[in-house]
Structure formats: C-alpha cells, structure tokens
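Remarks on the structure that follows.
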Amino acid sequence: MYNTIDKLFKNHDISDKELTDLITSAEYDDYLFEKADIVRKKHYGNSVYVRGLIEISNYCKNNCYYCGIRAENSLVERYRLLPDEILKCCETGYSLGFRTFVLQGGEDIYYNDDVVCSIISDIKASFSGCAVTLSLGEKSYLSYSRFFEAGADRYLLRHETADNDHYRLLHPQSMDPDNRKKCLFDLKKIGFQTGAGFMVGSPFQKTGNIISDIRFLKTLNPEMIGIGPFISHKNTPFGNYENGSVQLTLRIIALVRLMFPDALIPATTALGTMLDDGRERGIKAGANVVMPNLSPQDCRKKYEIYQNKLYSGEESAQALLKLRKKISSIGYTVSMERGDHKPENSLT
Ligand code: 5AD
Numbered sequence: 210m211y212n213t214i215d216k217l218f219k220n221h222d223i224s225d226k227e228l229t230d231l232i233t234s235a236e237y238d239d240y241l242f243e244k245a246d247i248v249r250k251k252h253y254g255n256s257v258y259v260r261g262l263i264e265i266s267n268y269c270k271n272n273c274y275y276c277g278i279r280a281e282n283s284l285v286e287r288y289r290l291l292p293d294e295i296l297k298c299c300e301t302g303y304s305l306g307f308r309t310f311v312l313q314g315g316e317d318i319y320y321n322d323d324v325v326c327s328i329i330s331d332i333k334a335s336f337s338g339c340a341v342t343l344s345l346g347e348k349s350y351l352s353y354s355r356f357f358e359a360g361a362d363r364y365l366l367r368h369e370t371a372d373n374d375h376y377r378l379l380h381p382q383s384m385d386p387d388n389r390k391k392c393l394f395d396l397k398k399i400g401f402q403t404g405a406g407f408m409v410g411s412p413f414q415k416t417g418n419i420i421s422d423i424r425f426l427k428t429l430n431p432e433m434i435g436i437g438p439f440i441s442h443k444n445t446p447f448g449n450y451e452n453g454s455v456q457l458t459l460r461i462i463a464l465v466r467l468m469f470p471d472a473l474i475p476a477t478t479a480l481g482t483m484l485d486d487g488r489e490r491g492i493k494a495g496a497n498v499v500m501p502n503l504s505p506q507d508c509r510k511k512y513e514i515y516q517n518k519l520y521s522g523e524e525s526a527q528a529l530l531k532l533r534k535k536i537s538s539i540g541y542t543v544s545m546e547r548g549d550h551k552p553e554n555s556l557t
C-alpha cells in the first residue's frame, strides 16, 4: 500500500480499486497524512488562510433531510441579517485583518439578485483588497453572472453526493441532483473560484459513493473542496443516524489533497465540533483554510445546521489570537492575505 501512496503522491491519481483499498484501511493513515502535508507545503507553504464567515440567514426554502435549518424544522428561531448588519460584520472583520468574507445562508428568497448584488458592491467598495465568497445555494446562470459582475470572487456549493440515487436519499424529490451539478459547472464557466464538496458518513453513503465524489471533483476541477463529517441533528429526519467518523474524514481530506494538490481545503467547523483538536488534525492531514465565525453573537447558535455546532472559542473571529497560537503550535502560520487559489502551473 505504501507504493500506492507513493504513486498517488507522484501522479495525483490512482485507480478506483486502489482508492477503495486506501479509503477502507486505517493502517496507512500516518504515511498518507505525511505525504498530503508535503504536497500542501509545496503549493501553499505553511500558510493557513482565514475567511470571515458571516451566516446571513437561517431561513431556507429547502428540506434537506440532514440539515438543522431545513424549512420544516419549526423549532428553529429564524433570523436574517439586513444589508447594513452584514456590512457591520465586514467592518469588524476588516479591522481584525480579514480579507475574505464568506456570506453563507439558507436559500432565503428575501435575498433576491438586486439585494445580493448591492451587498456585494457595497462590500467591495468599502473594504479595499478583500475577496467576497458567496454560499447561497442553487441559482440560475443569470443570477450567478450578475453576482460575478457585481464583484463576487468565489462561490461555495457543496455537491453533497455525486451519485444521483444517493442524492435522492438525502433530499426531497423537489431537489434535483443534476441541477446542483449544473450550478457548479455554471459557476466555473462564469469565472468564480468554485467550491464543491460533501459530507463523510452521511446516511446510506458507501465507499463507492466517495469514489464517485472524487471522480466528480476530478471532472469539475474546483478551486476549493469542503469536506466534513456528517453530524446528526435531532430535529431532522436523520436525527437517529450515526455521525460520520473523524478518522475517515481526515483520510479523505488527505486523499483529496494528494489528488488536488492546489485546492483550497478547509478544516471545517464540523471537524472541530466532533473533536477538540479536530481542526488542527485536519490541517495536518492537508487542509489549509479555516473559517472563523464573524456573525453577530446572538445569531451563531441559531445557525445550527448540525447539533452542538461550535460558536465560541477559536472558530470565533474575535478569538483570532488564540487561533494563531494554536496553529503556530502545530507548525503552521495564519495568513491574513486574500488567499486566492494558486493554479498548479503558476508555480515557479
Ligand atoms: N452535518 C454535517 N454537515 C452538514 N451540512 C448540512 N447539514 C449537516 C450536518 N447535519 C453541510 C452541508 C452543507 C454545508 C453548508 O453544511 O454539506 O452544504
């Protein structure tokens, strides 16, 4: 198996059979993480990029079976931030040194194209040198184009699972797996730095699904890849399902780093929620992005997509110093730069 890892390290690809063998064995994790770390350092050095995450709304018209803020969860206390409040969060973030703002939210019809575009242009005009990332779900080609024209730089939309049958087990019939994939190709075509991704250990997920996810990513070639463990939320149809495994998540992060050397890969809050040092472990396994929370304090606990989601501590933007210390203690450096994607062929 060490030979397989060496081959993956060299060629950034291996066969599905070899991938399956690696995914299903914990024995080679140390070697795998070591190799993934070398690849990351070659492309991005010791830098860990930070993004200020602003959770703009927990209203959502969708009903994904795994998600705590699904429309039918009547126990959620709903909120939405108005444009001025979003600007305020950016102001706080900018003075803390953040140069990327991620506007993430449920699919909330309040934010029509005009509202989103004016928020984007206000942010870009007020905070020079910053990047704007959107994560607002599925939209039309035209809407995405308008957001791009208004100045948005990046867009995150996890594909969730590339297998259409599996997708239908995780979502109601009204959600179309092909449309989700189309959105991702649209985003790439328009010119966004595009993020896809999936949960590890989502209900009914088989090893073969993870292989399909990786193959889908190879076809899409996204700039960013978000991978976190599934964590059950009691007020959802999947409330009684088991959580995903941290170790498997770390293994997939390492494999994905080896297969996508220049990708920006976050050590997710979900990893940090499952394990105290989950995010540090994610970084050691090849992740190079963290997304501290810049949302107003009273909103953070309301944006509970999974249970016990962290909302104070190092994932809080206000605790940047603590985060810096933690990250340097494991041998990396927090970078406050925009941290754009660096394509592999741009390296000298
Ligand atoms: N556990 C882990 N991740 C989840 N997400 C949504 N619900 C959960 C959950 N219960 C992820 C989805 C979504 C992202 C914003 O959060 O992958 O795309």
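Just so we're aligned, residue 210 is where the sequence shown starts under our numbering, counting upward by one. By construction, the Cβ of each residue, glycine as well, lies at the ideal position given by its N, Cα and C atoms.
Residue of the options minimising C-alpha distance to residue i
{"i": "R509", "options": "F447, S525, R355", "result": "S525"}
{"i": "K348", "options": "A405, D395, G360, V324", "result": "D395"}
{"i": "G435", "options": "I399, D486, Y364, T477", "result": "T477"}
{"i": "I318", "options": "Q456, S266, T342, N517", "result": "S266"}
{"i": "C273", "options": "L379, T229, A235, N502", "result": "L379"}
{"i": "R287", "options": "K511, Y520, V543", "result": "K511"}
Same chain, Cβ closer than 6 angstroms to residue i, neighbours up to 5 away in sequence not counted
{"i": "I514", "result": "C276, G277, I278"}
{"i": "C269", "result": "I278, A280, G315, E316"}
{"i": "A371", "result": "S421, D422, F425"}
{"i": "N282", "result": "N444"}
{"i": "D225", "result": "I420"}
DSSP beta-bridge partners of residue i
{"i": "T445", "result": "According to DSSP, T445 bridges with nothing at all."}
{"i": "M210", "result": "Note: M210 sits in no beta bridge, so no partner."}
{"i": "V341", "result": "F310"}
{"i": "Q402", "result": "R363"}
{"i": "E369", "result": "F407"}
{"i": "T542", "result": "S256"}
{"i": "L262", "result": "V311, N502"}
{"i": "L473", "result": "M433"}
{"i": "P438", "result": "V409"}
{"i": "R289", "result": "S266"}
Sequence-distant residues of the same chain with beta carbon closer than 8 angstroms to residue i, five excluded per side
{"i": "G338", "result": "R308, R547"}
{"i": "I539", "result": "E489, I492, K493"}
{"i": "D549", "result": "A340, D362, Q402"}
{"i": "P552", "result": "D471"}
{"i": "M545", "result": "V259, G306, F307, R308"}
{"i": "T557", "result": "Low confidence applies to T557: its pLDDT is 47, below 50, so where it sits in the model is not reliable, and the reading given next is rough at best. Within the same chain, T557 has no close Cβ partners at all."}
{"i": "S454", "result": "V409, G410, P438"}
{"i": "E451", "result": "G410, S441"}
{"i": "V248", "result": "F218, R466, L467, P470, G495"}
Cβ separation of residue i and residue j, assumed to be a contact under 8 angstroms, to the nearest whole Å
{"i": "V257", "j": "I536", "result": "5 angstroms"}
{"i": "I419", "j": "I263", "result": "Incorrect: roughly 30 angstroms between the Cβ atoms, too far for contact."}
{"i": "L345", "j": "V325", "result": "7 angstroms"}
{"i": "R460", "j": "D238", "result": "6 angstroms"}
{"i": "K443", "j": "Q382", "result": "Rounded, the Cβ-Cβ distance is 24 angstroms, inconsistent with contact."}
{"i": "L473", "j": "V498", "result": "5 angstroms"}
{"i": "L393", "j": "L366", "result": "6 angstroms"}
Contacts around residue i, its chain only, beta-carbon distance under 7 angstroms, and the 5 residues preceding and following it disregarded
{"i": "I223", "result": "T213, K216, L217"}
{"i": "H221", "result": "L467, M468, P470"}
{"i": "A496", "result": "I462, I474, P475, A476"}
C-beta neighbour in chain C for residue i, strict 8 angstroms
{"i": "E286", "result": "No chain C is part of this structure, which consists of one protein chain only."}
At a cut of 8 angstroms, does the region 292-304 reach the region 325-337 through at least three beta carbon pairs? Short answer: they touch.
Three or more C-beta pairs closer than 8 angstroms, one from the region 372-380 and one from the region 411-418: is that the case here? Contact between the region 372-380 and the region 411-418 is present: three or more C-beta pairs spanning the two stretches fall below 8 angstroms.
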